[in-house]
Ligand code: NAP
Ligand code: GCO
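In the numbering used here, the protein residues as written are 491 to 755.
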């Protein structure tokens, strides 16, 4: 086995929404594996903080202002990356939001915004990147799905619909572009400690743990929340030559939640 198959040396990777959180960890892992890093976010504050954080880790990441729901901005970002770094070899559709609102109380505009960012945007960015991958003769697309690609729960109707759709978009890109040596897979993180899930882990007024925090830990065989670092290895694997025959697969990195019915009362 040639372990260099796990190397990303010389590859150009775009990780969307990688100013912090899961995206930042994946970009950091890709840099450690030898890739050149491009990322986007929307605001100057997050851009400045992200560039400083990458620099502190010795990573010369290139940051681009881009709202991934805006097709013209995405096309411009991809053109700028190709000019600055070269054709994109690896795309991670990571940018995403969640809105936790009971469905019957959710405005249609809220539902649409989550679908726009979590499902339509991965379509827009993949559509912009695939032509270059076809020309280059290879490509890796990794869509950041979710437990909610498989399961529902109260208040996350838009998010579950989007992430369920993202699972099937992943399988369709696999089906439509596999013949061009493009592999499209998903990563389904479990419950990961990032700003997105901070409200679910907040200490209560009496200093006790959030009920949801206790619930998730009890439902996870690993007995803990995941960290962005838990996703680094799986993300490098799916971006590397080592996974060239893995296509249309959603790799759940969830500490075993999806396999576990829960502890007997
Ligand atoms: P996060 O900390 O909230 O970060 C989300 C990132 O997405 C931010 O960098 C944000 O950038 C960016 N973003 C949001 N909307 C955008 C837009 N329209 N255009 C460009 N960038 C945009 O979230 P996270 O926990 O790291 O999650 C990252 C991905 O993993 C998401 O797709 C999420 O659904 C998924 N996920 C998370 C978990 C978890 O437990 N944390 C589990 C499963 C899946 P700005 O600074 O511009 O807002
Ligand atoms: C929620 C959480 C989850 C996680 C993740 C789980 O409110 O249930 O935010 O949706 O973000 O998607 O895989």
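Every residue gets a Cβ at the ideal spot worked out from N, C-alpha and C, and that includes glycine.
State the start and end residues of the unbroken beta strand (DSSP E) segment that holds residue i.
| i | result |
| --- | --- |
| residue 679 | 672-679 |
| residue 633 | 629-634 |
| residue 501 | No beta strand (DSSP E) holds residue 501; DSSP gives it neither H nor E. |
| residue 625 | No beta strand (DSSP E) contains residue 625, which is instead part of the alpha helix (DSSP H) from 611-626. |
Could you check where the alpha helix (DSSP H) with residue i kicks off and where it finishes?
| i | result |
| --- | --- |
| residue 664 | 647-667 |
| residue 533 | First-last for residue 533: undefined, no H or E at that position. |
| residue 728 | 722-729 |
| residue 709 | 701-709 |
Pick helix, strand or coil for residue i, following the three-state DSSP scheme.
| i | result |
| --- | --- |
| residue 750 | coil |
| residue 736 | coil |
| residue 549 | coil |
| residue 605 | helix |
| residue 450 | Because the chain is modelled from 491 through 755, residue 450 falls outside the range shown and cannot be assessed. |
| residue 509 | coil |
| residue 516 | helix |
| residue 712 | coil |
| residue 528 | strand |
I want to check one thing, is the minimum distance from the CB of residue i to the heavy atoms of ligand 3 below 7 Å?
| i | result |
| --- | --- |
| residue 680 | With respect to ligand 3, the structure shown offers nothing to examine, as its ligands consist of ligand 1 and ligand 2. |
Runs of beta strand (DSSP E) lying entirely within the stretch 557-588, each at least 3 residues, in chain order: 580-583, all fully within the stretch 557-588.
Counting beta carbon pairs with one atom in the stretch 687-695 and one in the stretch 633-650, are three or more of them shorter than 8 Å? With the cut-off at 8 Å, the stretch 633-650 and the stretch 687-695 do not touch.
Could you say if the stretch 720-728 and the stretch 691-698 meet the contact criterion of at least three C-beta pairs nearer than 8 Å? With a cut-off of 8 Å, the stretch 691-698 and the stretch 720-728 do not count as touching, because too few Cβ pairs lie within range.
Contact the stretch 555-573 vs the stretch 606-624: 3+ CB pairs below 8 Å: Verdict: yes, contact present.
Would the stretch 539-554 count as touching the stretch 587-605 if we require 3 or more Cβ pairs under 8 Å? Contact between the stretch 539-554 and the stretch 587-605 is absent: fewer than 3 CB-CB pairs across the two stretches fall below 8 Å.
Do the stretch 614-621 and the stretch 560-574 touch if we need at least three Cβ pairs shorter than 8 Å? When Cβ pairs closer than 8 Å are counted between the two stretches, the stretch 614-621 is seen to touch the stretch 560-574, the count reaching three or more.
Does the contact criterion of 3 or more C-beta pairs under 8 Å hold for the stretch 568-582 versus the stretch 491-506? As far as the Cβ criterion goes, the stretch 568-582 touches the stretch 491-506, which means the pair count is three or higher.
Contact between the stretch 653-664 and the stretch 672-682 (3+ Cβ pairs under 8 Å): Using a Cβ-Cβ distance cut-off of 8 Å, the stretch 653-664 and the stretch 672-682 are in contact, since at least three pairs of beta carbons, one from each stretch, lie closer than that value.
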